[in-house]
Amino acid sequence: MMAAADQPKLIVEADAEALAQAAAERVMARIAANPGRIAICLTGGSSPRKLYQLLGSDAYRGKIPWDRVHWFIGDERFVPSSDPLNNMAVARATFLDRNAPSGHIHPIPTTAESPEAGAEAYARELQSFYGAKNLDPARPLFDMVLMGAGPDGHTASLFPGYPAIEETIRWVVGVPKANVAPFVPRVSLTLPALASCREMLFEIAGHDKQPILTRLLNGETLPAVRARSNGETVWLVDQAALPEGIRGGR
Ligand code: 6PG
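Below, the structure is given as structure tokens:
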């Protein structure tokens, strides 16, 4: 299986609304494809908010088998869950708390003494959920991993040039200092842990993303380019984020 080396599949939607709809449909398709226990790794930042609203809306919530789906998060800002910067708190407030059994919501702990201690605790939680300490390529950890891309090309909290991006053994690491705002310490899943999924789905929308999407499409070896699923990797982008040259085309 050489899928990891494959280029991501680029899907262009008209605008952020259509992009969120398409993302929701892909989440539903991954859920439908797995008759057993399902694991979805959410992401932070502003990019997934519309998708979270959709999943909690009447159009979708009734179709999600909440008793079979577990919700994780790919990275967290090391702030209390009461802080508006906390990624899982946003997902909880937007759609999880009203729908998911509380035992199926798996936040990264931010009450540990350090980001590193939080990372170790989350790695233990993921490994106990997975039932092994080593990832088996034939048995992905997640059905779907959601991702975003930051202005410097980071994804999750894997920043360009930082040691965390080179991690090959650990599943989760502490990141003492962020490269972009908010400048709070982070905890992040690593490339091998994020890769262990059937589908990795990036949402990249809006004109603000045009400079970074241009660099990513040019193949710069930034974290958002290096993050690949062992299965399928999809970049969902909207027209406003596309580089001038290809906008409106394709
Ligand atoms: C975080 C995210 C991060 C995010 C990108 C894009 O904690 O900040 O998980 O990786 O996806 O920074 O952020 P926006 O969606 O806010 O542009």
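Numbering (our numbering), first residue to last: 24 to 273. C-beta: ideal position from N, C-alpha, C; glycine also.
- Between LEU217 and VAL257, the CB-CB gap reaches or exceeds 8 Å.
- Within the stretch 191-273, the complete alpha helix (DSSP H) segments of 4 residues or longer fall at 214-218, 233-240, 246-249, listed in chain order.
- When the five nearest sequence neighbours on each side are left out, the beta carbons in the same chain lying within less than 6 Å of the beta carbon of ALA142 are those of VAL195, VAL196, GLY197, VAL210, in order along the chain.
- Of HIS177, LEU164, SER80, the smallest CA-CA separation from ASN202 is found for HIS177.
- With a threshold of 7 Å, the Cβ atom of ASP98 counts as near the ligand 6PG, since some heavy atom of the ligand is closer than that.
- With contact defined as three or more Cβ pairs closer than 8 Å, the stretch 69-87 and the stretch 183-193 are not in contact.
- Distances between the C-beta of ALA172 and the heavy atoms of the ligand 6PG include at least one below 7 Å.
- One alpha carbon belongs to PRO103, the other to LEU158, and they sit about 30 Å apart.
- In this structure, the straight-line span from the alpha carbon of LEU108 to that of ALA39 is close to 22 Å.
- Distance from the C-beta of SER70 to the nearest heavy atom of the ligand 6PG is below 7 Å.
- In this chain, the beta strand (DSSP E) harbouring PHE165 covers 165-170.
- Taken atom to atom, the span from the alpha-carbon of ALA56 to that of GLN150 is near 23 Å.
- In this structure, the CA atom of ILE54 is about 18 Å from the CA atom of GLU226.
- Only residues of its own chain outside the window of five on either side were considered, and among them TRP258 have a CB closer than 6 Å to the CB of LEU33, listed in chain order.
- Comparing alpha-carbon positions, the option among LYS232, LEU78, PRO88, THR134 lying closest to ALA116 turns out to be LEU78.
- In this structure, ALA228 sits near VAL260, with a CB-CB distance shorter than 8 Å.
- Distances from the alpha-carbon of ILE131 to those of PRO163, ALA204, LEU65, GLU36 put LEU65 closest.
- PRO246 places its beta carbon less than 8 Å from that of PHE182.
- Excluding residues up to 5 positions away in sequence, TRP89, VAL92, TRP94 lie with their Cβ nearer than 8 Å to the Cβ of ALA123 in the same chain.
- Ranked by Cα distance from HIS129, the first of GLU136, ALA172, ALA155, PHE165 is PHE165.
- Residue state for PHE182 is assigned as coil, using DSSP reduced to three classes.
- Not one heavy atom of the ligand 6PG lies closer than 7 Å to the C-beta of GLY176.
- Secondary structure remark: continuous alpha helix (DSSP H) runs of at least 4 residues inside the stretch 100-151, in chain order: 110-114.
- Across the structure, VAL50 and ALA144 are spaced so that their CA atoms are roughly 27 Å apart.
- For the pair ASP98 and GLY173, the Cα-to-Cα distance works out to about 13 Å.
- For the 8 Å CB-CB criterion, ASN110 and ARG121 do not form a contact.
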